[in-house]
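Working notes for the structure below.
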Amino acid sequence: MKPFRHFNAQSVDQAASLMAGYGGRACIIAGGTDLLGRMKDRILPSYPEALVNLKTIAGLDAIRAEDGVLRIGALATLASVAAHPEVLSNYRALAEAAGRTASPQLRNMGTIGGNICQDIRCWYYRGPLNRFSCLRKGGGRCYALKGDNRYHSIFGGSVEKGCVAVHPSDTAPALIALGASVVTSKRTVEAEQLFSVRLSGTTILEGDEIITEIRIPEPSAGTSSSFMKFALRKSIDFPIVNCAVALTREEDRVARARICLNAVHVVPRRVTGAEEVIQGRTMTEDVAGEAAEVAVSDAKPLEHNAYMVQVARALVKRAILACGG
Amino acid sequence: MTGKGTAGFTCPYCGKRFDTFEELKQDILTSHRGSPLPAPEGQIRLIVNGQEHVENVEPSWTLYHLIHDRLGMTGSKQFCDRGACGSCTVIMDGLPVLSCMVLAIECDGRTIETVEGIARDNHPLIESYVEHHAMQCGYCTPGFVVTSKALLDRNPDPTEEEIRDALSGNLCRCGTYPQHIIAVREAAGRLPGHKDSGGV
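Protein sequences appear in the order of chains A and B.
Heads up: the first sequence begins at 5 in our numbering, then just goes up one per residue.
Heads up: the second sequence begins at 5 in our numbering, then just goes up one per residue.
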């Protein structure tokens, strides 16, 4: 790696002021598993002048349930989220998503804050030494549109420009399905509103804005959740499609449902149409199938990824049924 | 960390930031008078296989670079250098991590265990890996041994499924996977205190 300066932040304020001082020429490092790969391959035209380490900030990795809210510090590792008793008993979709991310070693290093902020995995964007100066890096075109797009968006590109790289997070759809909010050094946003398509970025966060905590309201009685992931390998792999569902039942009918797909669109995609289909109905395989059909009804696959529509349909149906009958 | 960065002056003791050097000086005189001198930037203190090391590291060095190239412990292997294969696995504070994706400068105060330490302690894994020939070319083997050691430390009697899960971040291009499960199961049986180990 090229030389850079390194700061161990002692507080969130200090980290934010360092980031502001460098004005976009520094990067935050938490687990580092996404960032260091990006730096080693020099995929971007620019290289960070400094890294600001958040791991030295005390208490940012705590997980605790209080006053009906589960509070997960942004620096909590994926392994600790997946193994936490409270997460395992009440937030099943999140436990499964965190436990299916990457590999055991990477889950000991990677944090939940980093997992939702991670950069896209498009192989043109990730080409070493900025080989493809694509739209997402401020270049002229999207190479995936005419090239090999087997792992790209089946719901079109970003609104303004046309980048079709998908958001690769496993925990993001689980957090959205569970109705989480994300607390940053500047504001609190719904997890659903966090994601955006930007130059070399996947969130709405400003350059000196730091995620400090994720809050998930305790699910109401009768709620269950599930997470499904389709990838080529069981371990060390990004999702081709994943899906998280949270269902609340009253008597034997579905009172509320939140369904979120990811890795199928430029941002995690909540499928409200499918949620409406199952609302107020008794869950059967046919009803779940109907919802799955609606979830992908507006899909516009590219040349090489029509199979992802089928996968997404199957995962929505299975994830709904996995919430129990 | 002392001196004029792009964003003012940083206190080398506590990391607090100041706009002018005078303010920094005043704060050090009032809050840190009598404290021992802070460690110079880039100096880390870590324990590797039970031995303490004080090293001056560059920010861009990975933990792998420090252990393998600077400390000369060549057991950990670099293969993908992107966190995708597990051959550089070391145990950090009890957990297996990938040394190619950890910055050395962030390892201050950490306790590291490498395959050299595991071999030195005559861990039963070494013998059972040899007996069951859980390798072909051998390049990935140290990573597997370290990951298995971390598993046995927290679960001395793992099931086949648990071994599969724990080793799922290690790649072997020779395809020796079935042998690892046999070797780890057998090493578990030889651990002191195990029901089949004949007591200790």
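Yeah, the Cβ is synthetic: ideal placement off N, Cα and C, and Gly gets one too.
Keep in mind it's a predicted model, so treat the numbers as computed, not measured.
Let me know if residue i comes out buried or exposed under the rule of 16 or more other beta-carbons within 10 Å of its beta-carbon.
i, result
"K8(B)", "Because K8(B) sits at a pLDDT of 47, beneath the cut-off of 50, its placement in the model cannot be relied upon, and the following sentence gives the value as read from the coordinates. So K8(B) counts as exposed."
"M312(A)", "buried"
"S157(A)", "buried"
"D65(A)", "buried"
"Q197(A)", "exposed"
"E110(B)", "buried"
"C121(A)", "buried"
"R21(B)", "buried"
"N53(B)", "buried"
"F148(B)", "buried"
"V168(A)", "buried"
"T174(A)", "In the sequence as presented, Thr is not what sits at residue 174(A); that position holds Asp. It counts as buried."
"D161(B)", "exposed"
"L33(B)", "exposed"
"T66(B)", "buried"
"R274(A)", "buried"
"K6(A)", "exposed"
"C104(B)", "buried"
"T37(A)", "buried"
"E56(B)", "exposed"
"A93(A)", "The residue you asked about is not Ala; residue 93(A) is Ser in the sequence shown. Answer is exposed; the Cβ neighbour count stays below 16."
Using a C-beta to C-beta distance shorter than 8 Å, which residues of chain B count as neighbours of residue i?
i, result
"S239(A)", "S172 and G173"
"S93(A)", "Near S93(A) there are no residues of chain B at all, since even the closest Cβ is about 20 Å away, more than 8 Å."
"K331(A)", "The question about residue 331(A) has no answer, for chain A in this structure spans 5 to 329."
"S55(A)", "Reading off the sequence shown, one finds Leu at residue 55(A), where the question assumed Ser. Residues of chain B passing the Cβ test: P63 and L107."
"K44(A)", "D85 and R86"
Report all residues from its chain with a CB closer than 6 Å to the CB of residue i; omit the five preceding and five following residues, and keep chain order.
i, result
"H36(B)", "Y17"
"F11(A)", "L22 and V56"
"T6(B)", "The predicted model places T6(B) with a pLDDT of 46, which falls under 50 and marks its position as unreliable; any figure quoted below should be read in that light. Closer than 6 Å at Cβ, skipping near neighbours: P16."
"C144(B)", "S91 and C176"
"I263(A)", "V249, V275, A278 and E279"
"R154(A)", "H308 and N309"
Please list the partners that residue i has in chain A, where partner means a Cβ-to-Cβ separation under 9 Å.
i, result
"T163(B)", "Here the premise fails: no neighbours, minimum Cβ distance about 15 Å."
"V101(B)", "Q109, L110, N112 and M113"
"G142(B)", "The premise fails here: G142(B) is roughly 20 Å from chain A at the closest Cβ pair, so nothing lies under 9 Å."
Could you list which residues in chain B have their beta carbon closer than 7 Å to that of residue i, in chain order?
i, result
"M331(A)", "Because chain A is modelled from 5 through 329, residue 331(A) falls outside the range shown and cannot be assessed."
"G131(A)", "Result: empty, since nearest Cβ-Cβ is about 14 Å, beyond 7 Å."
Does residue i come within less than 8 Å of chain C when only Cβ atoms are used?
i, result
"G79(B)", "Any reference to chain C falls outside this structure, whose protein chains are A and B."
Once you ignore the five residues that flank residue i on each side, which residues in its own chain have a CB closer than 8 Å to its CB?
i, result
"F136(A)", "Y128, Y129, G143 and Y147"
"H171(A)", "I124, F199, T206, N266, A267, H269, V270, V271 and P272"
"E166(B)", "L155 and N159"
"P49(A)", "N134, S137, K141 and G142"
"Q82(B)", "Y68, H72, S91, C92 and C104"
"L99(B)", "A154"
If you drop the 5 nearest sequence neighbours on each side, which residues of the same chain put their C-beta closer than 7 Å to that of residue i?
i, result
"G151(A)", "Y128"
"G203(B)", "Residue placement at G203(B) cannot be trusted, given a pLDDT of 46 that sits under 50; what the coordinates show is reported in the next sentence. So the list is empty, once near-sequence residues are dropped."
"S189(A)", "V16, A20, E213, I214 and T216"
"D23(B)", "G12"
"V245(A)", "F234, L265, A267, V268, M312, V315, A316 and L319"
"R253(A)", "G226 and A259"
"Y95(A)", "L74, L182, I220 and S229"
"R257(A)", "G284, R285 and T286"
"R114(B)", "L50, M96 and D97"
Under 9 Å between beta-carbons, which chain B residues line up against residue i? List them in chain order, please.
i, result
"T216(A)", "Ordered by position in chain B, no residue passes the 9 Å Cβ test against T216(A), which lies about 17 Å from the chain."
"F8(A)", "P63 and S64"
"K190(A)", "The contacting residues do not exist; K190(A) stays about 17 Å from chain B at best."
"K59(A)", "E110"
So with CB distances below 8 Å, who are the chain A contacts of residue i?
i, result
"V106(B)", "G36 and M113"
"G193(B)", "Ordered by position in chain A, no residue passes the 8 Å Cβ test against G193(B), which lies about 23 Å from the chain."
"T205(B)", "Any property of residue 205(B) remains undetermined from this structure, which presents chain B solely from 5 to 204."
"C18(B)", "Q14"
"G121(B)", "Chain A residues near G121(B): none, gap ~18 Å exceeds 8 Å."
List the residues of chain A whose Cβ lies closer than 7 Å to the Cβ of residue i, in chain order.
i, result
"T180(B)", "Result: empty, since nearest Cβ-Cβ is about 16 Å, beyond 7 Å."
"L21(B)", "One detail in the question is off: residue 21(B) reads as Arg in this sequence, not Leu. Neighbours of R21(B) on chain A, chain order: Q18 and S21."
"G87(B)", "T37, G41 and L110"
Measuring CB to CB, does residue i end up less than 8 Å from residue j?
i, j, result
"A54(A)", "A30(A)", "yes"
"V315(A)", "E294(A)", "no"
"A86(A)", "A102(A)", "yes"
"G179(B)", "V119(B)", "no"
"I95(B)", "A154(B)", "yes"
"L70(B)", "A123(B)", "no"
"R140(A)", "S204(A)", "yes"
"A299(A)", "G277(A)", "yes"
"V101(B)", "M113(A)", "yes"
"A13(A)", "I61(A)", "yes"
Quick one: is the Cβ of residue i within less than 7 Å of any heavy atom of the ligand MG?
i, result
"A87(A)", "Absence of the ligand MG is noted for the structure shown, with no ligands found whatsoever."
Notebook entry, point to check: Okay, do the stretch 122 to 139 of chain B and the stretch 185 to 193 of chain B touch, 3+ Cβ pairs below 8 Å being the bar?
Noted result: The way I'd put it, the stretch 122 to 139 of chain B does touch the stretch 185 to 193 of chain B; three or more beta-carbon pairs between them come closer than 8 Å.
Notebook entry, point to check: If we count Cβ pairs, one from each stretch, closer than 8 Å, do we get three or more for the stretch 221 to 233 of chain A versus the stretch 41 to 53 of chain A?
Noted result: The stretch 221 to 233 of chain A makes no contact with the stretch 41 to 53 of chain A; the number of CB pairs closer than 8 Å stays below 3.
Item checked: Stretch pair the stretch 37 to 48 of chain B + the stretch 74 to 93 of chain B: three plus CB contacts closer than 8 Å -> Taking 8 Å as the limit for Cβ pairs, the verdict is that the stretch 74 to 93 of chain B does not touch the stretch 37 to 48 of chain B.
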